[in-house]
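Using this note's numbering, read the sequence shown as starting at 126 and increasing by one per residue. Below is one structure, written out as structure tokens; the observations come after it.
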Amino acid sequence: MSVELTPTVEWLPQCYSHDDGFHEHVSVYLVRAADGDVLVDSGSVYHREEIRASVDAATGDGGLDALVLSHSDYPHAGNVTPLGGASDDVELVASSGSPAQQGLPEARKISIGDEEQIQGRRFSFVDPPLADRSHTTWIYDHADGVLFTADGFGAYHPPDRCEATSADFEAGIPAEAVFEYHRDNLVWLRYVDPGKIRRALDDIFGTYDVQAIAPVHGPPIVGADVESYLEGFYDTAERIADEYEIDA
Numbered sequence: 126m127s128v129e130l131t132p133t134v135e136w137l138p139q140c141y142s143h144d145d146g147f148h149e150h151v152s153v154y155l156v157r158a159a160d161g162d163v164l165v166d167s168g169s170v171y172h173r174e175e176i177r178a179s180v181d182a183a184t185g186d187g188g189l190d191a192l193v194l195s196h197s198d199y200p201h202a203g204n205v206t207p208l209g210g211a212s213d214d215v216e217l218v219a220s221s222g223s224p225a226q227q228g229l230p231e232a233r234k235i236s237i238g239d240e241e242q243i244q245g246r247r248f249s250f251v252d253p254p255l256a257d258r259s260h261t262t263w264i265y266d267h268a269d270g271v272l273f274t275a276d277g278f279g280a281y282h283p284p285d286r287c288e289a290t291s292a293d294f295e296a297g298i299p300a301e302a303v304f305e306y307h308r309d310n311l312v313w314l315r316y317v318d319p320g321k322i323r324r325a326l327d328d329i330f331g332t333y334d335v336q337a338i339a340p341v342h343g344p345p346i347v348g349a350d351v352e353s354y355l356e357g358f359y360d361t362a363e364r365i366a367d368e369y370e371i372d373a
């Protein structure tokens, strides 16, 4: 199953089911570059067969030409070998201080701030204001203006919305779902000045022409919904900081 986000970027959604009945995405994205097919992240081991089937269907069983990892945690790098990332046939690109120490000795190392050509496509590797690991990067695709964000900008969703983008929600992605995801998964937000988060994000969105946000753990945010989602996220950051305010 794939969902077209932009003319050359497709979303391959997968989900975990939480005990409360809500789901959390653990998605990957396929970029149709000029010289080959590029997958951003490889997904979780729990969805291995589904992801391999989705990639095979999307590539006509031709497989990938490159695999780019935002970071090497299992929900993002759990299927590197099954998708060919350890072979000579698939270019493996990884964000890490030392890919070999993260179990990726075959990977080409990139660093935050780098701009790389991958399969004829220009990508920038961005310092993420929202991350759960120090070796994480966000990835910006210059051709279609897609910003791949792991692990920020997630949201939980009901089980009948597993393939819904922001455009499929009548009033946008629910604010409570955005709040609960960030409260649960980026717990350090309670200790950070929300104004600093906003300034960092404003700098990124002022630098790059973002036409779509592609999170691993939430519905993609497309078109005009990008601006409204950001405003809602700033409210979320304020709410988290207020709810967990620490007395001096």
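For every residue, glycine included, the Cβ atom is placed at its ideal position computed from N, Cα and C.
Less than 8 Å separating the beta-carbons of I235 and E216? no
V163 and D190 look like a contact to me (Cβ under 8 Å); what is the Cβ gap, rounded to whole Å? 7 Å
C-beta contact flag for I346 and Y354 at 8 Å: Their beta carbons are under 8 Å apart, which means I346 touches Y354 by this criterion.
On the three-pair Cβ rule with 8 Å, is the stretch 298 to 311 touching the stretch 272 to 287? Short answer: they touch.
Considering only the alpha carbon of each residue, which of S127, V165, T133 lies closest to E175? S127
Name the DSSP bridge partner or partners of F273? In DSSP, F273 forms a bridge with I264, A339.
CB contact flag (Y141, F273, <8 Å): Contact: no.
What number of angstroms, rounded off, separates the C-alpha of A152 from the C-alpha of A339? The question names Ala, but residue 152 is Ser in the sequence shown. Their backbone Cα atoms lie some 9 Å apart in a straight line.
Would you report the Cα separation of G320 and H172, rounded to the nearest angstrom? If I take the Cα positions, the gap works out to 37 Å.
If I measure Cβ to Cβ from F147 and keep anything under 7 Å in the same chain, skipping five residues before and after, which residues do I get? Y281, H282, P283
Provide the residue span of the beta strand (DSSP E) that contains A219, from first to last. 216 to 220
Have a look at S212 and A183 and give me their C-alpha separation to the nearest angstrom. 20 Å
DSSP state of V205 mapped onto helix, strand, coil: V205 falls in the coil class under three-state DSSP.
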